[in-house]
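K.L.:
One structure coming up, written as structure tokens, with questions to follow.
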Amino acid sequence: MAEPSSDAATASATRKNKADPGWKYCHSLVEGDTNTIVCNFCGKITKGGITRAKQHLIRKSGNVAACKKTPPNVVEVLKEYMATKKSGTTYSTSGSGNMANVRDFEFGEPIGCDGSEDKFADSCNAATSAKTKCGTKKGPMEKFCKNPENAINRRKMEMLRQMNIRESMDKNEVLKVHQHIARFWYQAGLSFNLIKLKSFENMVAAIGQYGPHLPIPSYHDIRVPLLKKEVEYTENLMKGHREQWVKYGCTIMSDAWTDRKQRCIINFLINSQAGTMFLKSVDGSDFVKTGEKLFELLDAIVEEVGEENVVQVVTDNGSNYVLAGKLLEEKRKHIYWTPCAAHCIDLMLEDIGKLPLIRKIIRRAINLVGFIYAHSSTLSLLKKFTNKRELVRHAITRFATSYLTLERLHKEKANIRKMFTSDE
């Protein structure tokens, strides 16, 4: 007998989950994704499934911000439904009938699950049954069940139960695997913070779900075909952002910077209720960044995003960008140009630093910090007397660092005096 396709199973599970009355007052951000939900009353986007969305609607504090626009009758209906559902829920560490209730216990949907309680229950029950009957030994059909999302959900469920004897005996094997991961980390020179990435957890779960003899992707695979698939995956993630542009409008943000090769790169980003999305970069090394040229770039970006979707354009406060903003407002009457607040504050600090008294103090502070860091023996004494605290060094492009240097010198004033008056 032929097995039903995974797409059909997912669609069936999604229809079952949408029988929840909470779906009358909210909707999915992306069709088919029941984890990211938009409130119909205030437009807030919540993650965590319909349970988290209902907590938002009934104004339950703790996990999500309350909706201030939910009608009282809707709040009462949802509270009554959730109270009835909770009163009939039991939690047990044995048996398979109550495993699906782990979802309610965690106040949200498991990460990687499509939102179906039935599908999650089936995967949990299958994992429990397999562990009870044969420990960690694989069965003949398990090679056909290589879904990493199910592995992540199963592991999340297993964290709620007590470790058995077999698992406690496998600690040495776990340590060996962890040591191989750590050795790769050290040889590649990766940042330790990368271990917190969700994608790394998904990768480890997928490898464990596959089992032994997993072929390693080749240099060409990871450089060409896998990269193209990841680009397609990223573009699909951005579909939800583009839908928000049409519904609520968006802001175009421009940011210019210089890389190590002294190339002027202009980044364009789009901000909306769904978040900030990187759109494209333009190499500005080949042309003079006059107001007219910047206007042409901004106008092309507005055309690409859609004039009807753009509310405002945010750029630096330079004179060329001011002219580009005025030209854009003249051509497209309903679009506003707004200067970047951070750049405005930076320019204000630059002007304050030009006052004779302030300029004299900043110059002395920069000379002092430069002297300390130019001599290794003096720097060693500084770390000794300040308990290894660093002084903020002056930077050319950001004027705020001058004031940060003054602040740190003021805090370490007593320790620096001790250093210069010590016999060492």
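Counting in the working numbering, the sequence shown runs from 72 upward without gaps.
Beta carbons are placed, not taken as given, at the ideal position from N, Cα and C, and that holds for glycine.
Mapping the DSSP letters down to three states, classify ASP354 as helix, strand or coil.
P.N.:
Residue state, collapsed to three classes: strand.
K.L.:
Which of helix, strand or coil does DSSP assign to PHE470?
P.N.:
The answer is coil: DSSP assigns PHE470 none of H, G, I, E or B.
K.L.:
DSSP puts TRP408 in a beta bridge; with which residues?
P.N.:
DSSP lists VAL384 as partners of TRP408.
K.L.:
Taking CYS321 and ILE337 to be in contact with their CB atoms under 8 Å, please state how far apart those CB atoms are, rounded to whole angstroms.
P.N.:
Actually they do not touch by this definition, with Cβ atoms about 18 Å apart.
K.L.:
DSSP three-state call for LYS118: helix, strand or coil?
P.N.:
Three-state DSSP puts LYS118 in a strand.
K.L.:
Here's the rule I'm using: 16 or more other beta-carbon atoms within 10 Å means buried, otherwise exposed. How should ALA73 be labelled?
P.N.:
With a pLDDT of only 44 at ALA73, under the threshold of 50, the placement of this residue in the model should not be trusted; the figure read from the coordinates follows. That one is exposed.
K.L.:
Considering only DSSP beta bridges, list what VAL109 is partnered with.
P.N.:
Note: VAL109 sits in a beta bridge opposite HIS98 and ILE116.
K.L.:
Using only CA atoms, which one of TRP408, PHE349 and ASN111 lies nearest to ASP387?
P.N.:
Checked all of TRP408, PHE349 and ASN111; the closest Cα to ASP387 is TRP408.
K.L.:
Pick from CYS411, VAL463, ASN380 and LYS267: whose alpha carbon is nearest that of TYR392?
P.N.:
It is CYS411 whose Cα lies nearest to the Cα of TYR392.
K.L.:
So the candidates are SER343, ASP330 and ASP326; which of them puts its Cα closest to the Cα of HIS312?
P.N.:
Checked all of SER343, ASP330 and ASP326; the closest Cα to HIS312 is SER343.
K.L.:
Mind checking PHE271: buried by the 16 CB within 10 Å criterion, or exposed?
P.N.:
So PHE271 ends up on the exposed side.
K.L.:
Give me the DSSP bridge partner(s) of ASP326.
P.N.:
The partner list for ASP326 (beta bridge, DSSP) reads ASN338.
K.L.:
Counting C-beta neighbours from all protein chains within 10 Å, is the total for HIS127 16 or more, i.e. buried, or is it exposed?
P.N.:
Flag for HIS127 reads buried.
K.L.:
Count Cβ pairs between the segment 344-360 and the segment 412-420 that sit closer than 8 Å; are there 3 or more?
P.N.:
Result no; under three Cβ-Cβ pairs closer than 8 Å.
K.L.:
Could you tell me whether the Cβ atoms of TRP316 and ASN243 are closer together than 8 Å?
P.N.:
Contact flag unset, no.
K.L.:
Looking at the strands, I want to know which residues DSSP matches up with THR457.
P.N.:
Looking at the DSSP assignment, THR457 forms no beta bridge with any residue, so it has no partner.
K.L.:
What runs of the alpha helix (DSSP H), each 4 residues or longer, lie entirely inside the segment 281-315?
P.N.:
Taking only runs of at least 4 residues, the alpha helix (DSSP H) segments lying wholly in the segment 281-315 are 290-294 and 296-308.
K.L.:
Helix, strand or coil for LEU480? Go by DSSP, reduced to three states.
P.N.:
Looking at LEU480 - three-state DSSP - the assignment turns out to be helix.
K.L.:
Classify CYS96 as buried or exposed, calling it buried when 16 or more other Cβ atoms lie within 10 Å of its own Cβ.
P.N.:
Per the sequence presented here, residue 96 reads as Tyr, with Cys not at that position. Classification for TYR96: buried.
K.L.:
Between LYS118 and THR107, is the Cβ-Cβ spacing less than 8 Å?
P.N.:
Contact: yes.
K.L.:
Kindly give me the distance between the Cβ atoms of LEU462 and ILE443, rounded to whole angstroms, as I take these residues to be in contact under 8 Å.
P.N.:
With a Cβ gap of about 7 Å, LEU462 and ILE443 count as contacting.
K.L.:
Rounded to the nearest angstrom, what separates GLU147 and SER289 at their Cα positions?
P.N.:
The alpha-carbon atoms of GLU147 and SER289 are separated by roughly 58 Å.
K.L.:
Under three-state DSSP, which class holds SER132?
P.N.:
Coil, per DSSP.
K.L.:
Check the C-beta distance from LYS351 over to PHE339 and give it rounded, since I have them as a contact under 8 Å.
P.N.:
LYS351 to PHE339, Cβ: 5 Å. Contact.
K.L.:
What are the boundary residues of the alpha helix (DSSP H) that includes LYS431?
P.N.:
Here the alpha helix (DSSP H) through LYS431 covers 427-445.
K.L.:
Starting from SER343, follow its DSSP beta bridges and name the residues at the other end.
P.N.:
Answer is GLY346, bridged to SER343.
K.L.:
Measuring CA to CA, which of ILE406, GLU363, ASP354 and SER390 is closest to GLU374?
P.N.:
The candidate whose alpha carbon is nearest that of GLU374 is ILE406.
K.L.:
Hey, could you find the ends of the alpha helix (DSSP H) ILE372 is sitting in?
P.N.:
Run containing ILE372: 362-376, per the alpha helix (DSSP H) assignment.
K.L.:
Tell me CYS321's beta-bridge partners as DSSP assigns them.
P.N.:
DSSP, once it has assigned bridges, lists VAL381 as partnering CYS321.
K.L.:
Taking the C-alpha atoms as reference points, what is the distance between LYS300 and SER390?
P.N.:
So the alpha carbons of these two residues sit roughly 42 Å apart.
K.L.:
Measure the C-alpha to C-alpha separation of ILE116 and LYS157 and round it to an integer number of angstroms.
P.N.:
ILE116 and LYS157: Cα-Cα distance of roughly 25 Å.
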